[in-house]
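Protein chains in written order, with our numbering: chain A, 1 to 111; chain B, 112 to 226.
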């Protein structure tokens with residue numbers, strides 16, 4: 001069966017450290033993998049997209065890696081801040097532009 | 112740019128009534144709009160995809176007669192939950208994209224509570 005698993009439901013980290021979130025999938029062949037931020041009671045906000053032929057993508061303090069052999073993506077936030085506290089969702093995008101979401105990891109950055 | 116709004120942001124209704132949720136792309140024309148549902152502590156699940164001027168495509172297990180979707184213009188799609196029941200209580204989120212292949216921009220969501 002198809003699965004998208006994010007490594008943990010919740011992750012606590014000290015301010016200033018690097019947060020690393022994991023997304024593993026099975027039985028999908030995504031054209032793209034995307035990461036979103038979702039705050040409580042709000043819709044997801046797009047952060048980064050990485051294509052299947054790309055290994056790494058960066059945007060400011062964010063870095064995403066994509067390993068199609070391992071079927072895994074890692075999402076890093078460097079120099080984390082309390083304002084980074086939110087739920088982070090990975091989503092696989094098929095060629096038809098359908099998005100399949102993981103259950104998310106709730107990140108808390110402790111001052 | 113690429114702002115999507117939803118109305119209402121929350122709604123409480125009695126069991127058996129129908130509820131309409133609007134999704135608007137405010138500063139772009141959306142050929143394709145998507146409707147998702149998210150239960151507490153669960154992932155967003157795609158319910159249906161709608162293209163302007165044509166019938167929506169529903170995902171497996173989603174009743175098209177219960178969740179009526181209309182995408183009559185390039186800036187507006189509506190989802191009507193007909194004869195709502197408590198199990199329909201959820202967070203409904205829409206997204207819009209300029210074309211079927213482009214990035215989806217998400218609305219803020221509508222929380223529905225059916226008593």
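Built from N, CA and C at the ideal position, the CB exists for glycine as well. Here the structure is a predicted model, which means the values were calculated and not measured.
DSSP three-state call for residue i: helix, strand or coil?
| i | result |
| --- | --- |
| residue 10 (chain A) | strand |
| residue 113 (chain B) | coil |
| residue 170 (chain B) | coil |
| residue 141 (chain B) | coil |
| residue 54 (chain A) | coil |
| residue 83 (chain A) | helix |
| residue 183 (chain B) | strand |
| residue 155 (chain B) | coil |
| residue 125 (chain B) | coil |
| residue 42 (chain A) | coil |
| residue 217 (chain B) | strand |
| residue 165 (chain B) | coil |
So the beta strand (DSSP E) residue i belongs to, where does it begin and stop?
| i | result |
| --- | --- |
| residue 24 (chain A) | 19–26 |
| residue 133 (chain B) | 130–136 |
| residue 63 (chain A) | 62–67 |
| residue 189 (chain B) | 187–192 |
| residue 211 (chain B) | Note, residue 211 (chain B): premise wrong, no beta strand (DSSP E); not H, not E. |
| residue 196 (chain B) | No beta strand (DSSP E) contains residue 196 (chain B), which DSSP labels as neither H nor E. |
| residue 224 (chain B) | 221–225 |
| residue 2 (chain A) | Note, residue 2 (chain A): premise wrong, no beta strand (DSSP E); not H, not E. |
| residue 106 (chain A) | 105–110 |
| residue 73 (chain A) | 72–77 |
| residue 150 (chain B) | Element bounds for residue 150 (chain B): n/a, residue is neither H nor E. |
Is the distance from the Cβ of residue i to the Cβ of residue j below 8 Å?
| i | j | result |
| --- | --- | --- |
| residue 24 (chain A) | residue 9 (chain A) | no |
| residue 52 (chain A) | residue 64 (chain A) | no |
| residue 136 (chain B) | residue 195 (chain B) | no |
| residue 87 (chain A) | residue 69 (chain A) | no |
| residue 155 (chain B) | residue 170 (chain B) | no |
| residue 142 (chain B) | residue 214 (chain B) | no |
| residue 117 (chain B) | residue 134 (chain B) | yes |
| residue 101 (chain A) | residue 89 (chain A) | yes |
| residue 202 (chain B) | residue 218 (chain B) | no |
| residue 76 (chain A) | residue 22 (chain A) | no |
| residue 71 (chain A) | residue 103 (chain A) | no |
| residue 114 (chain B) | residue 205 (chain B) | no |
Taking only the alpha-carbon atoms, compute the straight-line gap between residue i and residue j and give it to the nearest angstrom.
| i | j | result |
| --- | --- | --- |
| residue 122 (chain B) | residue 224 (chain B) | 6 Å |
| residue 175 (chain B) | residue 144 (chain B) | 16 Å |
| residue 180 (chain B) | residue 189 (chain B) | 6 Å |
| residue 74 (chain A) | residue 13 (chain A) | 16 Å |
| residue 199 (chain B) | residue 226 (chain B) | 10 Å |
| residue 32 (chain A) | residue 207 (chain B) | 18 Å |
| residue 15 (chain A) | residue 108 (chain A) | 9 Å |
| residue 168 (chain B) | residue 36 (chain A) | 24 Å |
| residue 30 (chain A) | residue 98 (chain A) | 10 Å |
| residue 164 (chain B) | residue 186 (chain B) | 12 Å |
| residue 172 (chain B) | residue 150 (chain B) | 15 Å |
| residue 46 (chain A) | residue 34 (chain A) | 8 Å |
| residue 2 (chain A) | residue 91 (chain A) | 13 Å |
| residue 197 (chain B) | residue 216 (chain B) | 29 Å |
| residue 20 (chain A) | residue 184 (chain B) | 41 Å |
| residue 81 (chain A) | residue 193 (chain B) | 44 Å |
- Query: Taking Cβ-Cβ distances below 9 Å as the criterion, which residues of the segment 13–27 of chain A are in contact with chain B?
  - Reply: Within the segment 13–27 of chain A, no residue has a Cβ lying closer than 9 Å to any Cβ of chain B.
- Any residues in the segment 133–152 of chain B with a beta carbon nearer than 9 Å to a beta carbon of chain A? Which ones, in chain order? Correct list: 143, 145, 147, 149 and 152.
- Query: Between the segment 42–62 of chain A and chain B, which residues of the former have a C-beta closer than 8 Å to a C-beta of the latter?
  - Reply: When C-beta distances to chain B are compared with 8 Å, the residues of the segment 42–62 of chain A below that value are 42, 43, 44, 45, 46 and 49, in chain order.
- Message: Taking beta-carbon pairs under 8 Å, can you tell me which members of the segment 97–111 of chain A lie near chain B?
- Response: Result list: 97, 98, 99, 100, 101, 102, 103 and 104.
- Which residues, in chain order, does the segment 209–221 of chain B contribute to contact with chain A at a C-beta distance below 9 Å? Those residues of the segment 209–221 of chain B that come within reach of chain A (Cβ to Cβ, closer than 9 Å) are 210, 211, 212, 213, 214, 215, 216, 217, 218, 219 and 220.
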